[in-house]
Amino acid sequence: MLRRTFGHADFRGLQSGVIGELLAGRSAMAVLPTGGGKSLCYQIPALIRPGLGLVVSPLIALMADQVAGLQQAGVAAERLDSNTLPDERQAIWRRIEEGRLDLLYLSPEGLMQPSMLDRLSRLNLALVAVDEAHCVSQWGHDFRPEYRMLGRIAEVFPAVPRLAVTATADARTRDDIRAELRLEGAAEFVDSFARPELALSAERKRGKGHDRVVELVLERPGRAGVVYAGSRDSTEKLAEKLIAEGVPALAYHAGLDKGVRARRLEEFLEADAAVMVATIAFGMGVDKPDVRFVIHADPPAAIEAYWQEIGRAGRDGQPAEGITLYGSADMAWASKRIEAREAPDEVRQVQSRKLRQFYAMLEGLTCRAAAVRRYFGEEGVARCGVCDICTSPPKGVDASEAAQKALSAAHRLGGRFGRGRLIDHLLGKTKDVTPQEAQMSTFGIGREFSPATWRDLLDTLVFEGLLREDPNDGRPLIGLGEVEGVKAVYRGERKVSLRQQVEASDPGT
Ligand code: ADP
Ligand code: ZN
1 MLRRTFGHAD FRGLQSGVIG ELLAGRSAMA VLPTGGGKSL CYQIPALIRP GLGLVVSPLI
61 ALMADQVAGL QQAGVAAERL DSNTLPDERQ AIWRRIEEGR LDLLYLSPEG LMQPSMLDRL
121 SRLNLALVAV DEAHCVSQWG HDFRPEYRML GRIAEVFPAV PRLAVTATAD ARTRDDIRAE
181 LRLEGAAEFV DSFARPELAL SAERKRGKGH DRVVELVLER PGRAGVVYAG SRDSTEKLAE
241 KLIAEGVPAL AYHAGLDKGV RARRLEEFLE ADAAVMVATI AFGMGVDKPD VRFVIHADPP
301 AAIEAYWQEI GRAGRDGQPA EGITLYGSAD MAWASKRIEA REAPDEVRQV QSRKLRQFYA
361 MLEGLTCRAA AVRRYFGEEG VARCGVCDIC TSPPKGVDAS EAAQKALSAA HRLGGRFGRG
421 RLIDHLLGKT KDVTPQEAQM STFGIGREFS PATWRDLLDT LVFEGLLRED PNDGRPLIGL
481 GEVEGVKAVY RGERKVSLRQ QVEASDPGT
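First residue of the sequence shown? That's 1 in full-length UniProt numbering, and the numbers climb one at a time after it.
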């Protein structure tokens, strides 16, 4: 089937294991990296096993792509969604009931309609596959309430094997998927997330605007790349800047006319060296194998999204780069967005934690690829040897004492001020100071460092969750972060280090 219908010579990674499980009539869960060939895991068993295979997928565009591809390969596949016209719908149902259809793609809410369940439960089903299964979990980064209903699949089709597939699921999310989709006893397949062709790096934003991004792109002439920016407006501005520098850049975001988007996508796919400057609206289902770099002009808010976006580089297995620019303002902004989200407290807490973990990784001193792979639950992971940390290990300078000073000062100031004022306090600047503040024991305890060093250290403390910046209408206030961590620093049990180059460039030290 693999060769005849899909034209591939051999199975990839864990595909054959997953397929074997379903062919034996058992349910399974598969966490395979993007590009790992998740769709074959349910397509092949659906074709081999008698009956209709159901595929639940969250995005109409992705379903449409897959169905079109399958039909081209001669597979009897269809999709039913809100766009399906009544006539088509009838024709599809006729084929289903005559047993002439092998695969049917549905949205979760489409599948869970009582009339649909009723009609399907009278049929012989080959399997039910849930694509992007992490959407079922509040612990995942892309929770979709309509996925919650899918738990009922197990009751409605008790004898039908189920398969949950996803490209991103940390341990907690995997547990959730198992519980929600009743996959308690099912075999779990977690493939390695190693992408040895990807050289990852991250740097703190310096200076204003996106000048550094332009510089990075200009250093990579003649290569295809994707630049992710945080807003529609900044994609346009950045693309303009790049074009002015002679780079064939294209802006892409959800606010553009559908036709314009399609044209730009096509242009990007066909060009050898175009640079797509996009919001995250760009990417899902885009398969351009020779993307040589992905640059985050603005960072995402979790390791899951980071890995998915960076992972669009080097799909052909040739060397590629993933470069992320980040700053404390980005973190504060992301934090504010999470707080403003209409979601249960628990969900917001999880998202905040994911945000902190991501920034701790960016800021950390461990191999990037290893950190990400461990996050996804891989064990025994070796250093990648090609990321910025592996190739030029930054020396950490112990700044634990300075951190204690900063934390005490933040504590004394009681979270009422922004970071500028906190630094003035540490430096003992008397301008604007109240007599009361000038008498605090923490006033002026940090005179040995320059303002620049303090700014770097405060960033580090924020990234590590020891300080937190609460968005306050654009003028963030700085206060103590996670209590246990702060205590550990006070007690000297937790070290805080600053990167050497930061210290070295600072004449104040
Ligand atoms: P995912 O959903 O895991 O990102 P897809 O199922 O879309 O991945 O597959 C990604 C690409 O890999 C597709 O172009 C597919 O044709 C190809 N592919 C899948 N399995 C194999 C295989 N065994 N050998 C070669 N190519 C494969
Ligand atoms: Zn590394």
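All C-beta atoms, glycine included, are put in the ideal place defined by N, C-alpha and C.
Less than 7 Å between the beta carbons of residue i and residue j, yes or no?
i: Ala239; j: Ala249; result: yes
i: Leu150; j: Pro114; result: no
i: Ala186; j: Met29; result: yes
i: Arg374; j: Gly465; result: no
i: residue 561; j: Met63; result: The structure shown has nothing for residue 561, since the chain only spans 1 to 509.
i: Phe268; j: Leu14; result: no
i: Phe358; j: Ala278; result: no
i: Asp81; j: Gly51; result: no
i: Gly53; j: Leu123; result: no
i: Ser328; j: Val462; result: yes
i: Ala129; j: Leu181; result: no
i: Gly418; j: Arg475; result: yes
i: Phe293; j: Arg220; result: yes
i: Thr34; j: Gly485; result: no
i: Ala251; j: Glu236; result: yes
i: Ala340; j: Asp298; result: no
i: residue 512; j: Ala77; result: Residue numbering for the chain in the displayed model covers 1 to 509; residue 512 lies beyond these limits and cannot be assessed.
i: Glu469; j: Ala382; result: no
i: Val489; j: Ala403; result: yes
i: Val156; j: Tyr105; result: no
i: Ala371; j: Met361; result: yes
i: Ser27; j: Leu265; result: no
i: Ala410; j: Leu467; result: yes
i: Arg3; j: Gly37; result: no
i: Pro161; j: Leu22; result: yes
i: Ala273; j: Gly222; result: yes
i: Phe376; j: Asp170; result: yes
i: Ala73; j: Thr5; result: yes
i: Ile423; j: Pro451; result: yes
Thinking residue i and residue j are a contact (beta carbons under 8 Å), I'd like their distance in whole angstroms, please.
i: Asp102; j: Leu47; result: 5 Å
i: Thr168; j: Trp307; result: 7 Å
i: Leu498; j: Trp454; result: Not quite, the Cβ-Cβ distance comes to about 11 Å (not below 8 Å), so this is no contact.
i: Arg315; j: Pro344; result: Wrong, their Cβ atoms sit about 36 Å apart, outside the cutoff.
i: Pro275; j: Val214; result: Note that residue 275 is Val in the sequence shown here, rather than Pro. Going by Cβ atoms, the distance from Val275 to Val214 rounds to 10 Å, so no, they are not a contact pair.
i: His210; j: Arg232; result: Not a contact, Cβ separation roughly 14 Å.
i: Val31; j: Asp142; result: Contact doesn't hold; Cβ gap of about 14 Å is too wide.
i: Val217; j: Val247; result: 6 Å
i: Arg212; j: Lys205; result: 7 Å
i: Ala406; j: Leu458; result: 6 Å
i: Thr460; j: Glu363; result: 6 Å
i: Leu198; j: Ala24; result: Rounded, the Cβ-Cβ distance is 35 Å, inconsistent with contact.
i: Arg152; j: Met112; result: 7 Å
Run through the region 204–247 for me and flag every whole beta strand (DSSP E) of 3 or more residues, listed as ranges in chain order. 225–228
Hey, is the region 174–182 in contact with the region 346–355, meaning 3+ C-beta pairs nearer than 8 Å? Per the Cβ contact rule, the region 174–182 is not in contact with the region 346–355 (fewer than 3 Cβ pairs under 8 Å).
With a cut-off of 8 Å, do at least 3 Cβ pairs link the region 437–444 to the region 477–486? Because the criterion of three Cβ pairs below 8 Å is not met, the region 437–444 and the region 477–486 do not touch.
Complete beta strand (DSSP E) runs within the region 77–140 (minimum length 3 residues, chain order): 77–80, 103–106, 125–130
Any chance the region 412–423 sits against the region 393–404, with 3 or more Cβ pairs inside 8 Å? no
Please confirm if the region 127–146 is in contact with the region 311–325, defined as three or more CB-CB distances below 8 Å between the two stretches. no
Does the count of Cβ pairs from the region 377–386 and the region 443–454 closer than 8 Å reach three? At 8 Å Cβ cutoff, the stretches do not touch.
What are the complete beta strand (DSSP E) segments, minimum 3 residues, inside the region 304–378? 320–326
What are the start and end residues of each continuous alpha helix (DSSP H) run of 4 or more residues lying completely inside the region 153–205, in chain order? 153–156, 171–180
Report the start-end ranges of each alpha helix (DSSP H) in the region 416–444 that is 4 residues or longer and not cut off at the edges. 419–427, 435–438
Taking 8 Å as the threshold, find out whether the region 18–26 comes into contact with the region 36–46 through three or more Cβ pairs. yes
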